[in-house]
Amino acid sequence: MSTSITSVVGGQEVPGAPGGSIRSVNPARTGEVVAEIALGDAGTFAAAARAARAAQRSWADVPAPVRGRAVAYIGRLVEANAERLARLVTREIGKPYAEALGEVREIVDTCDFFLGEGRRLYGQTVPSEMPDKQLFTFRTPVGVAAVITAGNFPVAVPSWYLVPALLCGNTVIWKPADYAAASARALFELLTRGGGLPPGVLNLVVADGEQTFAGLQQALAGGCVDKIGFTGSSPVGARIGELAGRHLQSPCLELGGKNPMVITPSADIDLAVSAALFSGFGTAGQRCTSLGTVIVHQDIAEEFTSKLDKAVRQAPVGDPSADVIYGPMLNQRFAGRFEQYLTWIQPHHKVLGSSATGRITAHNPREGFTGDPEAGLYYHPVVVAGVRETDALFREETFGPLVGLTTYQDLDEAIRLANAPGYGLSSSIYTRDAADAFRFRRGISAGMVSVNNSTSGAEAHLPFGGNGKSGNGSRQSGIWVLDQFTRWQSMNWDYSGTLQKAQMDITELTPDESFRLDD
Ligand code: UN1
153 MSTSITSVVG
163 GQEVPGAPGG
173 SIRSVNPART
183 GEVVAEIALG
193 DAGTFAAAAR
203 AARAAQRSWA
213 DVPAPVRGRA
223 VAYIGRLVEA
233 NAERLARLVT
243 REIGKPYAEA
253 LGEVREIVDT
263 CDFFLGEGRR
273 LYGQTVPSEM
283 PDKQLFTFRT
293 PVGVAAVITA
303 GNFPVAVPSW
313 YLVPALLCGN
323 TVIWKPADYA
333 AASARALFEL
343 LTRGGGLPPG
353 VLNLVVADGE
363 QTFAGLQQAL
373 AGGCVDKIGF
383 TGSSPVGARI
393 GELAGRHLQS
403 PCLELGGKNP
413 MVITPSADID
423 LAVSAALFSG
433 FGTAGQRCTS
443 LGTVIVHQDI
453 AEEFTSKLDK
463 AVRQAPVGDP
473 SADVIYGPML
483 NQRFAGRFEQ
493 YLTWIQPHHK
503 VLGSSATGRI
513 TAHNPREGFT
523 GDPEAGLYYH
533 PVVVAGVRET
543 DALFREETFG
553 PLVGLTTYQD
563 LDEAIRLANA
573 PGYGLSSSIY
583 TRDAADAFRF
593 RRGISAGMVS
603 VNNSTSGAEA
613 HLPFGGNGKS
623 GNGSRQSGIW
633 VLDQFTRWQS
643 MNWDYSGTLQ
653 KAQMDITELT
663 PDESFRLDD
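Anchor point for the sequence shown: position 121 equals 273 in my numbering, and the numbering is continuous, going up by one each time.
Here it is in structure tokens:
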């Protein structure tokens, strides 16, 4: 049974479909419609920004500890609806159910972290250089945040923005991925109902990319957006960064990755193989933190490659409600793009990991496939050995179940190769040598470094974000995201009853600079 999804602006469902209508379909059974979606347009986005602006002052006036209570209630309601929400995520984007449940868990973790922040949001008291004067710092909300998110984590990653943004006293326009609109609407209900949020505090706009961009331009020009949060591709992130820059804003950008995993000679090879399998093929390789290229030491390359080949061949792929490593691609758009990436495979490459490449069908079968491959957007996993630094497969993100493999001779070369594509989100090293681990950490350009762990699976209270093509240095999660959704305001208070001038009316002590100890 399908539902119909609309935008919600100022607490009201937006009537009609100014941006046209689309269907969200189950990528595991493309005949099944999950939701009919009435899209908004640029005007809907701009109206949502005005509603958010109108609601912001009174939301900021709600005491921060009370906003923290709202976050606590949201966490409880999400927990009470965890299985339902996870089932919807699995149905809408084909994420295996166990992972979808983990994704919902990540919302609860985020709420657990921020519910107490309402009673902190600490500022400082700072001594002044003059007597009878006191200095202070305060965190103030940025204002209205426009949050634009991807559909590979349709509920967890949005919560990384929405929960702290609301907690800090901002109001929000949230534009989720259109192909994951039913999951987004479900989270929107849990947030607004769970938090008892007044109308206009959180607004949902479902629209396509171009209308969203035009709406964002209008809203910025009208002074109705103070902060943009964006998770998505590097090219779109660059466009958003450019637009924000013109309005003297610094957005929070969480973009693509070409995440390396270095396997050193001292590594536990079997452990590294299981990590490469999960990092590269979990979520069908559709995490921004998914493994891009394995960089393995030449002395162990043969053993590692044959073990990885075997592990990937044996990995269960198929129906996401079953116990599989991955299910279908998120939707047709991602399946189409993945087919493009497959054309980057060249004669000097050695293709491993499955009996074939491309779409899994009755005529192009995958051994051990679970369910009916023809029903959904299922693709063979691909390990491409022998990638070279100049290959597109080495340099560009290939969102999907594809992992490249190359070799190195010494750690400096491994680090150089790991940094070469110019992304910098996540990275991993497998080693038993502490010096290797610390040298890698120092040399790698990534915002996140795993030692003997997957490139993916960051915990919800460590700084999350990247450098280079992966982002502009902004960090989400934990205490670090507070700097995205608040601004520091400093206050000085002079109670001396005179006009004391900073840097001029200061007390000087007289040091004896010529003093020396006796020899
Ligand atoms: C993403 O794909 O945008 O670290 C985020 C991870 C997840 C989040 C991925 N917790 O893999």
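For glycine and all other residues, C-beta sits at the position ideal for the given N, C-alpha and C.
Given residue i as reference, the closest of the options once Cα atoms are compared
| i | options | result |
| --- | --- | --- |
| I447 | S579, R345, K327 | S579 |
| P499 | R540, F667, G523 | R540 |
| W312 | V357, F265, T289, L356 | F265 |
| T277 | Q652, E665, W645, T662 | W645 |
| Q484 | F456, L504, Y530 | Y530 |
| R672 | G623, T457, T158 | Outside the modelled stretch of the chain, which goes from 153 to 671, sits residue 672, for which no answer is possible. |
| E113 | D657, G374, C440 | In the structure as shown, the chain begins at 153 and stops at 671. Residue 113 is therefore absent and cannot be evaluated. |
| G375 | V230, A333, G361, A396 | A396 |
| R291 | Y274, P306, M282 | Y274 |
| A544 | K502, Y493, A612, L443 | Y493 |
| N571 | V633, G444, G552 | G444 |
| R219 | A180, T364, P316 | P316 |
| G528 | R591, F486, V256 | F486 |
| R202 | V357, E526, G623 | V357 |
| T364 | A298, P417, M413, L339 | A298 |
| R627 | A359, V260, T155, C404 | C404 |
| D687 | R398, D461, F590, L577 | Here the chain has residues from 153 to 671 only, and residue 687 is not among them. |
Delimiting residues of the beta strand (DSSP E) encompassing residue i
| i | result |
| --- | --- |
| A579 | The residue asked about is misnamed: residue 579 is Ser in this sequence, not Ala. That run of the beta strand (DSSP E) goes 578 to 582. |
| V536 | 534 to 537 |
| R181 | 181 to 190 |
| W326 | 323 to 327 |
| A206 | From DSSP, A206 is part of no beta strand (DSSP E) but of the alpha helix (DSSP H) over 194 to 213. |
| E258 | Looking at the DSSP string, E258 is not in any beta strand (DSSP E); the run it does join, the alpha helix (DSSP H), is 249 to 267. |
| A298 | 296 to 300 |
| T659 | Counting along the chain, T659 falls outside any beta strand (DSSP E), and DSSP gives it neither H nor E. |
| E362 | Per DSSP, E362 belongs to no beta strand (DSSP E); it is in the alpha helix (DSSP H), 361 to 373. |
Between the CA atoms of residue j and residue i - distance to the nearest angstrom
| i | j | result |
| --- | --- | --- |
| V166 | A366 | 18 angstroms |
| T659 | T650 | 15 angstroms |
| I512 | N619 | 35 angstroms |
| A302 | E491 | 20 angstroms |
| K379 | S666 | 55 angstroms |
| A463 | F521 | 14 angstroms |
| M656 | S280 | 13 angstroms |
| D284 | V223 | 40 angstroms |
| Q208 | T323 | 5 angstroms |
| V535 | G381 | 34 angstroms |
| D420 | S426 | 10 angstroms |
| W640 | A199 | 29 angstroms |
| Q652 | P663 | 24 angstroms |
| G479 | P179 | 9 angstroms |
| R221 | G192 | 32 angstroms |
| E188 | G171 | 13 angstroms |
| L229 | A308 | 15 angstroms |
| L318 | E255 | 20 angstroms |
| T550 | A373 | 35 angstroms |
| Q401 | S648 | 38 angstroms |
The alpha helix (DSSP H) enclosing residue i, as first and last residue numbers
| i | result |
| --- | --- |
| S156 | Unbroken run through S156 is the beta strand (DSSP E), 155 to 157; no alpha helix (DSSP H). |
| E231 | 216 to 232 |
| N644 | Looking at the DSSP string, N644 is not in any alpha helix (DSSP H); the run it does join, the beta strand (DSSP E), is 638 to 646. |
| S442 | Note, S442: premise wrong, no alpha helix (DSSP H); not H, not E. |
| T292 | Taken as a continuous stretch (DSSP letters only), T292 belongs to no alpha helix (DSSP H), being part of the beta strand (DSSP E) at 285 to 293. |
| V177 | Segment 173 to 178 is the beta strand (DSSP E) holding V177; no alpha helix (DSSP H) there. |
| I421 | 421 to 433 |
| T344 | 333 to 347 |
Cβ-Cβ distance between residue i and residue j below 8 angstroms
| i | j | result |
| --- | --- | --- |
| G599 | G617 | yes |
| L614 | G630 | yes |
| V296 | A204 | yes |
| A390 | S176 | no |
| A436 | M481 | yes |
| F197 | I392 | no |
| T457 | L557 | yes |
| V503 | T495 | no |
| I226 | G321 | no |
| S642 | L287 | yes |
| A194 | A169 | no |
Could you say if the region 559 to 570 and the region 600 to 608 meet the contact criterion of at least three C-beta pairs nearer than 8 angstroms?
no
So, do the region 398 to 409 and the region 230 to 240 have three or more beta carbon pairs nearer to each other than 8 angstroms?
no
Check whether the region 590 to 600 and the region 430 to 437 touch, using three or more Cβ-Cβ pairs below 8 angstroms as the test.
no
Should the region 346 to 363 be called in touch with the region 159 to 173, which here means at least 3 C-beta pairs below 8 angstroms?
yes
Segment contact flag, the region 327 to 335 with the region 239 to 259, C-beta cutoff 8 angstroms, min 3 pairs
yes
Should the region 196 to 215 be called in touch with the region 386 to 401, which here means at least 3 C-beta pairs below 8 angstroms?
no
Counting pairs of beta carbons, one from the region 447 to 456 and one from the region 293 to 308, are three or more of them closer than 8 angstroms?
The region 447 to 456 vs the region 293 to 308: no contact.
Report yes or no: do three or more beta-carbon pairs, one from the region 472 to 479 and one from the region 583 to 590, lie closer than 8 angstroms?
They do not touch, by the three-pair rule.
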